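Chains A, B and C are the protein sequences, given in the same order. According to the numbering used here, the stretch in the first sequence is residues 1 to 462, in order. According to the numbering used here, the stretch in the second sequence is residues 463 to 557, in order. According to the numbering used here, the stretch in the third sequence is residues 558 to 1029, in order. These notes concern the structure reproduced below.
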Amino acid sequence: MKIADKNTKAVDLVREALEKAKEFEQYHCFISMNEARALERAREIDEKIAKGEKVGRLAGVPYALKDNYLSREGVTTAAARMLDNFPSPITATAVAKLEAEGAIMIGRTNLDAYAHGSSTENSYFGPTHNAHDMERVAGGSSGGSAVATALGIVQFALGSDTGGSIRQPASYNGVWGVKPTYGTVSRYGVVAMASSTDTMGCFAKTAEDVDLVMSIMAGKDPKDSTTIDDFWNRELEDAKPKKKKIGLIKDFLGGGVDAEVVKAIRDYADKMKKAGFEIEEVEMPIMKYGLAIYYIVQPAEVASNLSRYDGVRYGHRAAEITDLDSVYSNTRDEGFMPENKRRIMIGNFVLSSGFFDAYYLKAQKARTLLINAYNEAFEKYDALLCAVAPAPAFKLGEKINDPLQMYMEDMMSVLPSLAGLPAISAPFTKSKGGLPIGVQLIGPRKSDQVLLNIAKTVEEVK
Amino acid sequence: MAITREDVLHLAELSNLRLSEDQIEPLIKDLDNIVGYISQLDELDTEGVEPTYQCFDMKNVWREDTIEEFEANREDLLNLTVESEDNQIKVPKVL
Amino acid sequence: MEEYKTTIGIECHVQLNTKTKLFSAVDNDAVDKEPNSCVSPIDYALPGMLPVLNKAAIEKCVRAGLAMNCKINLVSRFDRKHYYYPDLPKGYQITQMYQPIIGAGVIHLPDGSDVHIEHAHLEEDAGKLTHFGTYSLVDLNRAGTPLIEIVSMPDIHSPAQARAYCEELHRLMMYAGVTNGDLYQGNMRFDINVSVSKTDKLGTRTETKNLNSFRSIERAVEYEVKRQIEVLEKGGKVKQETRGWNDATGKTTSQRSKEEAQDYRYMPEPDVPPVVLEQSYVDKVEASMPMMPDEYRSKFGLLNLDHSESEAILNYPILAQRLNEVCDKNISLAPRVAHWFSGVLLSEENQDKNFALATAEELAELSEMVEKKELSSTGAKAVLMEMYDRKNTAKTAHTLAKEMNLLQENDEGALEAIIDEVLQAPECAKAADDVRNGEMKAIGFLVGQVMKKSKGKANPATVNGLIKKKLS
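As structure tokens, this is what we get:
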């Protein structure tokens, strides 16, 4: 990580980032820039350095913020018309922690509205383009942050991952992405999607950088009752795996996954062997139900969490108002994107009287079976290996009119989310078409650093 | 189960969404596909299995009963609303 | 109409008197505060805000549960109840649908009847709406205030019993110290479910919501019973619906019928981990509970006070406690103290007094002085009033009586001097002679003269005796 010091001015780091952001404007990574404030903060930091005062571990490091994090700097839109003019009076805990260490937010990145999507096409402000092919999607929902990192505009960017929203775009753009153990980073001040699987993580170009940023954001927050004690406190090289044994999930080496992707995973497994790991194929039949479980649990929580957007207290309010009902229903019709509406309606379907037991309760029971299957596997393995997504980045518009096809993108990424487990997306290879293909490593709770350590070891194998 | 037009209208009401006619037709198809897909859980035997609502067991996460300062005060909050009067949020008459 | 059987179940919402709200650490006491001045970003439901449970609300739930002889569920969880209303910022209320903290229990009413509690759960209150011509204003000060909703079984069968149940519930919550209990401020609000039937099969019930006075509860039940019987007698059907009470007209009116009932789409609350209590914790709370109305009743039964008198005293936990302490000192002194409480202290003009000021010692002492004729009952009442004046807290009853010059003169020597003086007085000669000749009614005049000379401090009985002795 390039950090400001006596020789490197924070102002120069920020200027450089802002210039690159302009240079790559056509990728549409950003919804809004934070230029003035960013330069102001950079100067403050340079003054401190000049005075020899203590500056943080990320002094003057420019970063990009997914636009579903609240911050008093600028407007938080969640890429939805509902919040297109929402000047947050609150700053998210994660953002506050980074800024306390001197990190500087240069802009807010694009996402699928309310993080609902796997392509960043569901943004009220238009799609973000893949860093390696303008014709293709960035992945999502944290597409803007992934591309901004891949293009080298920023050294790291924040994302949120509820069912793959960091890992899949990381894989599509060839950068590192971490979805930490549930409860590692506070959710306070981040627009909620599905509370029981929402996690806050980041993108960077190296395992070390990801590790540094996560170690700063991690920790218990009295404002989020689901955060856990800080365990992200080791040096990366000390987080060594104990068993040196990896499970290769057999269920994802065939149907539904691209041959090219399957080959990549097998190649990675071979590389792991070279790195001294024992690889064993493991069958986990419950895995094929993961997507169905997720698309019951997540929409239910989405429908509930989006109930507060009613045009009464903040955000968009429809112009055509005849009565209170129209304040609600017109505002919500105008304020949400089609995908938001689909999820809200599916959520209300699985929660409605008569269907609760058959869908919601059933899914939560199936979720228990999934967790049991993982626990069993981790008695033998340090980690499980599978692809992040079934194929490399697809073409813009290719799946936008077929929601179910879009959901299939998440078939492998939603699984650790449902179990609250850490999962990383590590860059590995490229397709014949030159599109990045990453790999996914999943481990037991709080093994986040171990996963990074493993992937770094493998990366270093020549 | 198949999703009908009536289902969509009912769900739209539960969801407080006033949908224009052109949105309804595609929604019937999309929701029907999705519900069809998630219904595959029927084949899974969950007899006697406890549901998981939170990924791992946490309990008794609570605070002491003391007043704290918050980042945003009344003015900050009311400034966000479209209409306010006498430090209250203004909405069309509730019947 | 008496062949109709009335069946009533009551839901009561009790606002807990915690310092802060249930899920946000802002002031929970909005009385006399400006609109929206007790509102945090959590109560306002900004994006990304999360609830943080108030520990004190859990303890108050346990206290309330124990006060109602309820089972305390060691494991309880929270759920979301969804509906859209401007006073409900999140679009859902955090409540306990599936695993409430308070289980089944029973309340004994003063008339000896029992009302069973189905369960009681912890939830958050909504905000307040004020309606104007074309618009309404939203004040969220009350949004997030902790509530216990107490659900009774349909064990109640008359308007009077309904009132008695609510009054007893109010007493129990006050004794448990979980609410300020101000009905005018809406600290306790009641929903009554009423049905009538000629058979053992329950009739269709209506729910009348948001009653906030004991009188209106009794009247609303009376009205509903009458109304439903009329409907049935006319061959009609009672509609299952929610009704509202209008205190001015004394009528209930239809609000929402069950057909249009909402689907609340209950969902487990993922942001708040479950509450798991140790039995030892519950035991500790139980040990800290004060004496409850029932125990006081059995104790005060020994004083043979009349029912209304003891119930009036029971409405004031501090007075019940004082009276009980006096009983423990000397039960024979207690009835007089009870009469003072119900007769003097609880009269309109004294409602503002701080009933805690007079200690059991002082009250017992005062009662004993009357017993020993050192003080007239009128004098005692005057002293009693002074005891409830803060500036006198340090003084004993005797000191006060002395300062107020109310101590009765029982010293025979001193009295005889006054009596001789009176008997020698020419204006008394006739009366004295009459008495000597056995016309005893004349003695009253002489006693009166002595009392006058002693400025009322002489004890009339003693004087009477002494005069007789002298003139016989």
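C-beta: ideal position from N, C-alpha, C; glycine also. Just so it is clear, the structure is predicted and the values come from calculations on it, not from any experiment.
B/I529 belongs to the set of residues whose beta carbon lies under 8 Å from a beta carbon in chain C. Interface criterion not met: the Cβ of A/A100 is under 8 Å from no Cβ in chain B. For the options B/T514, B/T543, B/I465, the alpha carbon positioned closest to that of A/K362 is the one of B/T514. Counting of Cβ neighbours within 10 angstroms places A/G256 among the exposed residues, the total staying below 16.
In this chain, the alpha helix (DSSP H) harbouring C/C618 covers 612-624. One thing to note: A/S413 has its Cβ within 8 Å of the Cβ of A/V388. Contacts with chain C at 8 Å (Cβ-Cβ) include B/V553. Taking all protein chains shown into account, C/F689 has fewer than 16 neighbouring C-beta atoms within 10 Å of its C-beta and is therefore exposed.
By the criterion of a C-beta distance shorter than 6 Å, A/V458 is surrounded in its chain by K271, M272, A275, once the five residues flanking it on both sides are discounted.
By the criterion of at least three beta-carbon pairs nearer than 8 Å, the stretch 581-591 of chain C is not in contact with the stretch 61-71 of chain A. Residues of the stretch 474-491 of chain B that bring their beta carbon within less than 7 Å of a beta carbon in chain C comprise L476, N478, in sequence order. Excluding the 5 residues flanking it on each side, A/F86 has same chain C-beta neighbours closer than 7 Å at V75, T76, T77, Y314, G315, in chain order.
Per the Cβ contact rule, the stretch 677-687 of chain C is not in contact with the stretch 851-862 of chain C (fewer than 3 Cβ pairs under 8 Å).
Using a Cβ-Cβ cut-off of 8 Å, B/A534 is close to P89, I90 of chain A, given in chain order.
Within 7 Å of the CB of C/E591, the CB atoms of chain B belong to N549, in sequence order along the chain. At a cut-off of 8 Å, the C-beta of C/H639 has a neighbouring C-beta in chain A.
Uninterrupted beta strand (DSSP E) stretches at least 3 residues long and entirely within the stretch 942-1014 of chain C do not occur. Distance from the Cα of C/I615 is smallest, within the candidate group C/D644, C/L607, C/G801, C/T575, for C/T575. A Cβ-Cβ contact shorter than 8 Å links C/A954 with C/L923. Ranked by Cα distance from A/H28, the first of A/I265, A/A300, A/Y124 is A/Y124. A/N110 and A/F30 do touch by the CB rule: their CB atoms are close to 7 Å apart, below 8 Å. Relative to the Cα of C/R822, the nearest Cα in the group C/H665, C/V596, C/G648, C/P1017 belongs to C/G648.
The contact set of B/V556 on chain C, defined by CB atoms closer than 8 Å, consists of Y642, P643, L686, H688, S693 in chain order. In this structure C/D757 is exposed. Its beta-carbon is surrounded by fewer than 16 other beta-carbon atoms within 10 angstroms. As DSSP reads the structure, C/S594 sits in no beta bridge. Comparing C-alpha distances from C/I1000 to each of C/K1014, C/S1029, C/S1011, C/K1012 shows the shortest one belongs to C/S1029. For the stretch 173-189 of chain A, the set of residues with a beta-carbon nearer than 9 Å to any beta-carbon of chain C comprises S186, R187, Y188, G189, in chain order. Flagged as an interface residue toward chain B: A/D323, by a C-beta distance shorter than 8 Å. Contact residues of the stretch 575-606 of chain C toward chain B are T575, K576, T577, A582, V583, D584, E591, P592, N593, S594, V596, S597, P598, Y601 (C-beta to C-beta distance below 7 Å). As the crow flies, the alpha-carbon of C/G701 is around 26 Å from that of A/A94. Measuring C-alpha to C-alpha distances from C/V596 to each of B/F532, B/K491, B/E509 identifies B/F532 as the nearest. C/N767 and C/L697 have their C-alpha atoms spaced approximately 19 Å apart. Residues of the stretch 871-897 of chain C with a C-beta atom less than 7 Å from some C-beta of chain B do not occur. About 11 Å separates the Cβ atoms of A/E339 and A/P299, ruling out a contact at the 8 Å cut-off. Close CB contacts of A/P416 within its chain, under the 6 Å cut and outside five residues either way in sequence, are with A423, I442 (chain order). Under the Cβ criterion (8 Å, minimum of three pairs), the stretch 127-142 of chain A counts as touching the stretch 99-117 of chain A.
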